[in-house]
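Presented below is the structure to which this report refers.
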Amino acid sequence: MYLWMRLAEDNGVFVSFKNQNVFNKWIKKVENHLQKFGIKEDFLYKIMKLFEKLHWIRIENVKTLSFQIDHSIEKNKEQKQYLLKYLLKHTDISEIEGIYYLKKDIKLNISII
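Numbering of the sequence shown is given in the working numbering, commencing with residue 2 and proceeding in unit increments.
Here's what the structure looks like:
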C-alpha cells in the first residue's frame with residue numbers, strides 16, 4: 002500500500018502547504034487531472050472528496066454539498082483561507098452553524114469536460 006493511501010486513512014494526520022503559491026500549484030495539477038478525466042457536474046463533489054482525504058473537511062451531505070472544516074484546519078487560519086479562497090473561485094459558499102454549503106452551480110473559470 003502506498004504511503005499517501007495510508008496517510009489518507011489516518012485521521013490523526015493532515016496535509017498542509019508551506020504557502021499560497023505551493024497550494025495553488027498543487028491544486029492546479031488536480032484541476033488539470035479533473036479537466037482531462039472528469040465530468041463537470043462531479044467537479045465540486047470530487048474537490049470535496051479530495052479535501053476530505055487531506056483531512057481538511059468532513060463531508061456532511063453529498064446531495065447538499067455540505068461539510069464541516071476539520072478542527073486542525075479551523076485552528077490553522079492560513080490553511081483555512083487557502084481552502085475557502087479556492088472554493089470561492091468556483092462556487093458560492095454559505096455557512097450556517099459551522100456547516101458550509103457549496104452552491105451547485107460552478108463558476109465559469111474552469112472547463113471540465
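Virtual Cβ for every residue (Gly too), placed ideally from N, Cα, C.
- Within the same chain, Cβ atoms closer than 6 Å to the Cβ of residue 95 are found at 102, the five residues on either side in sequence being excluded.
- About 7 Å separates the beta carbon of residue 15 from that of residue 74, a gap short enough to meet the 8 Å contact definition.
- In the DSSP annotation of this structure, the continuous segment of the alpha helix (DSSP H) that includes residue 32 starts and ends at 21–38.
- By the Cβ-count criterion, residue 106 is exposed, with fewer than 16 other Cβ atoms from all chains shown falling within 10 Å of its own Cβ.
- Per DSSP, reduced to three states, the secondary structure at residue 66 is coil, with no helix or strand assignment.
- Between the segment 23–38 and the segment 63–74 there are fewer than three inter-stretch CB-CB distances shorter than 8 Å, so the stretches are not counted as touching.
- Between the C-alpha atoms of residue 23 and residue 46 there is a straight-line separation of about 23 Å.
- When beta bridges are read from the DSSP output, residue 103 appears opposite 94.
- Cβ neighbours of residue 81 within its own chain (closer than 7 Å, five residues either side excluded): 70, 74 and 75.
- Residue pairing for residue 60: DSSP places it in a beta bridge opposite 68.
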